[in-house]
Each structure stands twice: as structure tokens, then as C-alpha cells.
Amino acid sequence: MEALLSVVAVLSLVCVVGPLLLVCVALIVALRGRVARLEADVARLSGQAPASATPARQARDAPRPAKVGAPHGSERVRPPAMAAPPSGAPPATFDPALRRTAFDSGPTPAPPTSAAARPASAPAPARSVPWDPAPSPPVPSIGDAAPPAPTSPPAPAPPRRPAAGQGAAHAVKRWLTEGNVPVKIGMLVLLAGVAALLRYASDEGWLRFPIELRLTAVVAAALAALVFAWRRRERHRSFALPVQGAAVGVLLLTVFAAFKLYALIPASAAFGLSITLVVGLCLLAVLQDSSALAVLGVLAGFMAPIWLSTGAANHVALFSYYALLNAGVFAIAWVRPWRALNLLGFVFTFAIGTAWGVLQYEPDKYASAQPFLALFFAFYLLVPILYARQRPAAQGDRVDGCLLFGTPLVAFSLQAALLDGARLPLAFCALGLATLYALLAWALVRRPRYAVLGQGHALLAVGFATLAVPLALSARATASVFALEGAGLVWLGTQRESRLQRSSGVALQLLAAGALVIGLTGSRADAQAVANPTFMGALLLALGAFATAWVYRDAGRRGMALVAYVWGLAWWCGNAVHEVERFVAPTSQADVLLACAAVTGWLAAEAHRRRGASALVMTTLGAVAVAIPIAFWQADAHGQPFAGAGLLAWPAFAALGVRSLWALRAGGERPVGWVFCAWWLVWPTALGLLGGWAAARLDLGQGWELALTAAPWLGALAVAHFRWSWLAAPLGGRFDVFRAALPACLVTVIAIGWWVALWQPGAAAPLPWVPLLNPLALAQWAALALFALRVRASPSAASTQRALVAVLSAAAFALVTAMTLRTVHHWGGVPWTAHSMMPSSLAHTSLTVVWSVLGVAAWIAGSRRRQRALWLGGAALMAVVLAKLVLVDRQHLGNLLGIGSFIAYGLLCSVIGYIAPAPPRQASGAAPAEP
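Just so we're on the same page, this note's numbering is the position in the sequence shown counted from 1, plus 4.
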């Protein structure tokens, strides 16, 4: 009974599905016949259209009556009809685009002709002429202007490549909108419907046939569909290909069900059948040039071990199967440029291989896994080359970047996992890959078809060679190699105008700096100066940056050149300081750094002599100027700059400095003059420190120490004033622009020292102290004299000179006051402190007398020279003295010194009022005032 019900159910299903299938086939046949009839009608209409003239055209061709009062020659008539084409000519084909253009452009007016061509009263009957879808151009009459030349349409813009994120959506849209869309959708819906119907029938118990019979029926139906689709492949390609794919898919699912769900066949048989179906589907794809079938077949092939897995974990069998499958992909790539198929094989191969490595790899499986990794790498190393060989140039880019760069990166990562991070084997592996890619690049770049692909291989060769360095060498050695390689990449990128290569070179130099810093933190102390990895690594970093700056400057990229130069100079100077700090004794570090500064400035000057650059001049300026603080450092370390190793460092600095100045003489930059200024400031500093040290060493008084320290500065200022040409060599007249700047620097330094010395007692030991003839006073008066000469020679305005004279007068007054107090200190025995000088009646009386004498002298000089300002200055000074007498000196009236100061002031004021009256005010034509 149960079998009978099953038969009834099957018959019912056939009765239901059969008519539906027949109806579908009938509809398809009817629609195809309808399409054929429509195509025939269109062809017939296209052939008849030129032979028929519409009434509107006949009316347009008819001559128009002449206007009343119009000139006879202005009549516009239709030109003679063109001759009909020969009978043997093929009929004109119908072009919808031309017809649309003709109708949209509107009627074309008839060209004007003379009345003699055809009388207006006797119009010619209209002839039937072949219809021209485009309007005929008007025939110009005599005297008409020539029509303008037709302009060519603009060239179409190149198609835009879709964005990366739109690729998948675009592919889906094309599949749904191109080709035989009804068949594609119908197959999908039909598969879903049949699957649902079978499931429903199974749940309801309609299908009680043995499972073997049911699976056999499915296989028979799939094979029938496959054969039917194969026979229709020529006439209905868009219908046949989806049906073939669906049929093979059903067969694969049937094999899976027979093995996995019902255990009807063993694993080996299921696996063999799956391979057979996959190979067959790939053959169908190649024979019919269908990438979709190939993708479906390869996808099924990669999925077969997964859905047919028995849990045996036999990785050799798995990878052997994948090797055969990838060999098939490689064979297809040999004849077809199907990028999607190549990517599918690459993704599945390495994704499943990575998953196996994460889940099941053990070190004892290395020997069996390594050959498969090498084989898979070889497959997908060559597939991009085959893709470039097969892809036509008209279809765009021939380089498959995903496989070109993804294959070595993924394979090398898996190789590192297999080697468990062993550095030296990985280094050799990276070096081998670099060699392989370099050979491929050399072979490919020479052929125009593979030039871009060859450049990609060259980039990979450089990358793996770079990667081999840190794997095989220490961090500091890596920095050295990276620095030079980065400079080389910048040069190569500049030559080829490749931004990628230039950026890679800069990035490599930054990585080199990072590697060197890491190496400094984790390395052992170096045993030898200079010849050690740290110094050499930093030196190569600096040289690489200098080379990069040179390349950028030659390329006209001044901003990048300056950045690279400053970067290199920082490493150069930092390396020197670091090496001196590690290997030189503290007392000699300043001397060695002075020599390093001299070498740096000299090298920069020589480079500037060959290729002028302001940055090089500034480097020499910094190297010369840094000698000033180094001189103070030397004096602090061993008393004076020329002691110890300074005895060798300063002659070297002098020799290299003179050579640097000579190398800079041709430069027209203003910083060159500042280098000369700095040079003439260095030597007074060093010699002044030497003089101060000599005075202290000989036990001379403080006045001698200050005077000997100031002597080189005073000498430099005197030479700048009297013998400027001595300082200008070798620049000569071009240094005259600094004729005010250098003396101004010297005056500033001397003025600061003068002010500091003003507050010192200035002992003259071992000589006795004489108020005007002690060394400190002589040095200070010499400074004021030189200042006065500079003011006198200055081309400043009169108001500025008057202000400078007033400042010098105040300085002279301060110096006289200091000398008075020094006399009180040395001769009167008053200690040189504010607490001792302030209550001293001797000090106050001396100041009162000296200031009064100065005031009287100013009064007399102003009166005799008729300089009212000088006379008023003396009067102001006398007023100050008077205020001092009233406020300060009155407390000393109890002793002879205080009384004497009052009497002296009174007598001087009385006498001066008689012999030196005030000069008259400056007024035009006014007579001098009487005393």
C-alpha cells in the first residue's frame, strides 16, 4: 500500500510539474517566433522607407510663390533633385540614431537660387527620391558667404574606473541586468522551488521511493539538463551557460548527499566523482570561454574537501588535492585571462592553508608542509605573468596587483610561522626572494608589454633585500643599510619622477633612525671610538640625509632639501657629541669638540664653493660661532683655551677657519659676511681669556687681569677703525657692508666689560696704584676714546650724535667718580664695599671736590666755547653737588673734611660766577651776553 501511495504521489507530481514545464517551453517558442517576425518587419520597413516621400516632404519640396515687391533674384527655390543611386547599390539601412537626429534638427531651408534656374510659375513636379535621414546641406548661390567649417566633436572623456568598494555591487548589477536575465532568474527560482517542493513532499511522506532511486532520478535529470544546455550552447549561449552550471551544481550536491547524508558511497568514490565533475566543468568553461563556469567549478573544487571531510586530518592528501586544483587554475591562466578565477584560487589556497597552520601545525610536520608552501608560491608567482601575457592591451591594466604583492607577503608570513621565527633562516629566505624577484624584474622590464609588471617585481626585490638586513644583522647595522638604501631610493624616485619611490626612501631613513635608537638602548658598550657600529650607523644616517638633500636640491625641491639637510646635520653633530662624551676625558672634551666644529664648518664651506647654498653658509657660521662658548668651556676646564689639547685644537681651528673663509669668498649671500664677523669675534674671546689667565697665573692685581682681558677687544676695535682692510681680507670691498656691524658688536662687548669693570677696585699690584696711570683706568679711558672716535666717524644724524655724546659724557663722569672712589680705597684705606664707602667722610669730601671741579671746568669750557648746553651741564652738576652738601655732607660738618668741602664749593661758585658767565641762548643775530 505504501509503495502504491508513493507511485501515486510521483505521478501526481509529474502531472503537476509536467504541464508547467510544457507551458514554459511553449511560451519560450512563441516568444522566439514573435521576436523573429518583429525583426523581419523592421528590416522590411528599413528598405522601403527611402522610397516613400511623406506629404509633408512633398509640400516642402514644392516651389514657393514670389513675394510681392520682392526682387526677382531673391526667390528661394529648391535645388534640383540628386540623381537616384544605381540599381545595383544596396538599399540604405535604417539607422535610428540618424533618423532621430534628422527629425530633431528641424527642416532645413532651401538655398536661394536665381530666377533663371527655374521659373516660379512652372514648378517641376515632385519626384520620388531616396529618403535621406540627414538634412541635405544648402547649396550656396553666387555671392553667398561660405558656410563655416564643421567642428569636430570633442573627444570622449576616458571612462572612470569604479571605486574599490563598488566592484562587488557592480558585478552583481551586471549579472542581474546583462545577458539572458530571465533565464538566470528563472534557474535560481526554479532551483529554490524544486528544492522546496522536494522537501515538502518528503515531509508529507509523498516520496517513499528508496533513496538510491531518488538520487538516481536527480542525477538523470541533471545530466539531461546538462546535455540539453550543451546542445543549445551555440544558438542560446546566455541560456545554456547558466543551465550547465546549475546542472553540475546539482550533480555535486547529489554526490555530497550520497556520501555525507546517506553513506551510500565511500569517501574515495565521492572525492573522485567531485574531482571529475570539477574538471569537467572547468573544461566546459574553457571550451565555451565562460569565466563564470570556471569560477563555479574551482569554487566547488575548493569546497569539496571541506564538505566531504571525514575528520582524518591528512594534510598531505589535502594539500596534494589543492596542488592539483591549483595546477588546473594555472593551466586555465595559461589560456584565459580570468582574474576572478586566479584570485579565488589564491584566496582559498592560502586561507585554508593558514587555517590548517593555526589549528593543526606542529614542528614535526615541517618537512611535509614546506614543499607545498613553495609549490603554491610558485603557482601564484607565475600566474600574474600569465595574466599580463593573455590580457589584451585594450582591456586596461595588465598588472594583477593583488597577486603580485599579496603572494610574497602571505607566503613569507607563512614561512616565518613554519620556521618559528628563526631570524637567520628567514634572512636567507628573504634574500632568496629578493634575488628571484630581481631576476624576474630584469627579464620583464626589457619588454614593453611587461614593463609595469617588471617594476613591481623590482620593488619587491628591494623590499625583501631590505627585510633581510634586520633579520640577519643587528639594529645598528640595519640602520646603516637602511640609510644608504633610503638615499638610493630617493635618487631613483627623483630620476623616474616616482613619488612612491621617493616616499619609500624617506620612510627607510626614518626607519633607520628608529633602528639606531633601539640599538642604542639594548646594545653593549662599544670598546673603541669611531670604529664602532653606533658611530658608523649615525654617520651613514647623516650621509644618507645629506645625499637626499643634494638630490632634492638638484630636482628643484628646495623645501625638502632643507629638511633633509637639517635632519642630516642634527645626526652629524649629535653623533660627534655622543662619541666625544663616551670616549674623551671631561677635561679634553671641549678641545675635541672645537676640532669637530672646525671640520664641520670647513666641509660645509667646501661644499658651498662647489654648489652654493645658504644652508651651508649657515652651517659654517654656526661652526665658527660655537667656538666662543667652547672657549669659555676650555677656560673652565683647564684655566685657558690654549692649555692641554687646546694647544692643538686652536691651530687646527685657525687653519680650517682660514680655508673656510677663503672657500666662502665667492659667495654672494649675506650670511657670508656674518661668518667673517663671527670669526673676528672668536679670537678676541680666546685671547682675552688667555690674558686673564696669564695675569692670575703671574699673581698680578685685578686691574691687570681686567686690562689684559680687554686688550684683545680694544685692539680689534682699533684695527676695525684704523685698518679695516686687514679684517676685510679675503672678501675685500664686499665686506664693507659690515663696516658698521662688526665694530658695533665689538663696542657692545667692550661696553659690557667696561660697565662690569667700573665696579671693581682695580688693584695694580705689583706696581703701586696711581689714579690715572693704573692698568684698569688706562683700559677704560682707551675704550672711551675709541667709542668717541666711532661716534665722530659715524654718519649718523646730528641728533643721534648729540645723544651719543651725552652718553659718552655720562660714562666719563661715571669713570671719574669710580676713579675717585678707587683713590679713596687705595690711598685712604677705606674698604671697597658700599657699607664702608657710604659713611666715609673722606669719600664724600673727595666726591664733592672732584664733582665741583668737573662742574667748574664745564662752566668755564661752556663759557669760553660759547656752548650753552655744556655750561648748563656744569651748572646741573654743581646743583647736584649742592644738594649732596645739604642732604649728605652736612652730617660731616663736625670734622675738617666736611667743613673743607663746604668752603671749597662756595669759593668755586663765587669765582666761576665772575670768570665764566653763562653764554647767550642760540638766537639769530643776537649779541653775546655781558658777564
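Where is the CB? At the ideal position from N, CA and C, for every residue including glycine. No experiment lies behind these values; they were computed from the predicted model shown.
Item                                                                                                                       : Value
Residue nearest to L444 in terms of C-alpha spacing, selected from A472, W360, A382                                        : A382
Where the alpha helix (DSSP H) through D558 begins and ends                                                                : 537-558
Same chain, Cβ closer than 6 Å to V3, five either side skipped, listed in chain order                                      : Because the chain here runs from 5 to 935, residue 3 falls outside it and cannot be looked at.
Touch test, the stretch 653-666 against the stretch 604-614, Cβ-Cβ under 8 Å, three pairs minimum                          : yes
Integer Cβ distance of A373 from Y384, believed to fall under 8 Å                                                          : With 8 Å as the limit, A373 and Y384 do not qualify as a contact, their Cβ atoms being about 17 Å apart.
Beta-carbon proximity of G866 to W855, cut-off 8 Å                                                                         : no
Beta-carbon contacts of I146 that lie in its chain and below 7 Å, excluding the five residues immediately before and after : Residue confidence for I146 is low, a pLDDT of 39 falling below 50, so the modelled location carries little weight and cannot support an answer.
Pairwise C-alpha distance: A455 and M622                                                                                   : 45 Å
C-alpha gap between V3 and S845, whole angstroms                                                                           : Given that the chain is displayed from residue 5 to residue 935, the structure contains no residue 3 and the question cannot be resolved.
Span of the alpha helix (DSSP H), counted from its first residue to its last, around F646                                  : Element bounds for F646: n/a, residue is neither H nor E.
Three-state class that DSSP yields for N346 in the structure shown                                                         : helix
Cβ neighbour criterion (16 or more within 10 Å) applied to M842                                                            : exposed
Own chain residues within Cβ distance below 7 Å of G648, not counting five before or after                                 : T591, S592, D595, H642
For G766 and R948, believed in contact at Cβ under 8 Å, the rounded distance                                               : Residue 948 is absent from the model: the chain starts at 5 and stops at 935.
Three-state class that DSSP yields for G616 in the structure shown                                                         : coil
G833 in three-state terms, based on DSSP                                                                                   : coil
Counted within 10 angstroms of its Cβ, other Cβ atoms place A531 as buried (16 or more) or exposed                         : exposed
Sequence-distant residues of the same chain with beta carbon closer than 8 Å to V222, five excluded per side               : V254, T258
Unbroken alpha helix (DSSP H) run spanning Y441, endpoints                                                                 : 427-449
Assigned exposure category for D207 - 16 Cβ within 10 Å defines buried                                                     : exposed
Spatial distance of G361 from L547 (CA atoms)                                                                              : 44 Å
Range covered by the alpha helix (DSSP H) that runs through R969                                                           : No answer is possible for residue 969: the residues shown for the chain start at 5 and end at 935.
Buried or exposed by the 16-neighbour rule on C-beta atoms within 10 Å, applied to S272                                    : exposed
CB-CB length for G705 against A768, believed under 8 Å                                                                     : 5 Å
Closest Cα partner of L488 within the set G518, T552, L625, H725                                                           : T552
Segment limits, alpha helix (DSSP H) that includes M841                                                                    : 838-841
Close Cβ partners of R557 (< 8 Å) along its chain, the five nearest in sequence each way excluded                          : A565, R615, A617
CB-CB length for L477 against L493, believed under 8 Å                                                                     : The Cβ separation is near 19 Å, so there is no contact.
Own chain residues within Cβ distance below 8 Å of L8, not counting five before or after                                   : With a pLDDT of 34 at L8, under the threshold of 50, the predicted position of this residue should be treated as unreliable, though the coordinate-derived value follows. Once the five neighbours on either side are set aside, L8 has no close Cβ partner at all.
DSSP three-state assignment for N778, whether helix, strand or coil                                                        : coil
Anticipated Cβ contact below 8 Å, I754 with A816, distance rounded                                                         : Rounded, the Cβ-Cβ distance is 15 Å, inconsistent with contact.
Contact check, L718 vs A792, beta carbons under 8 Å                                                                        : no
Which of helix, strand or coil DSSP assigns to E208                                                                        : helix
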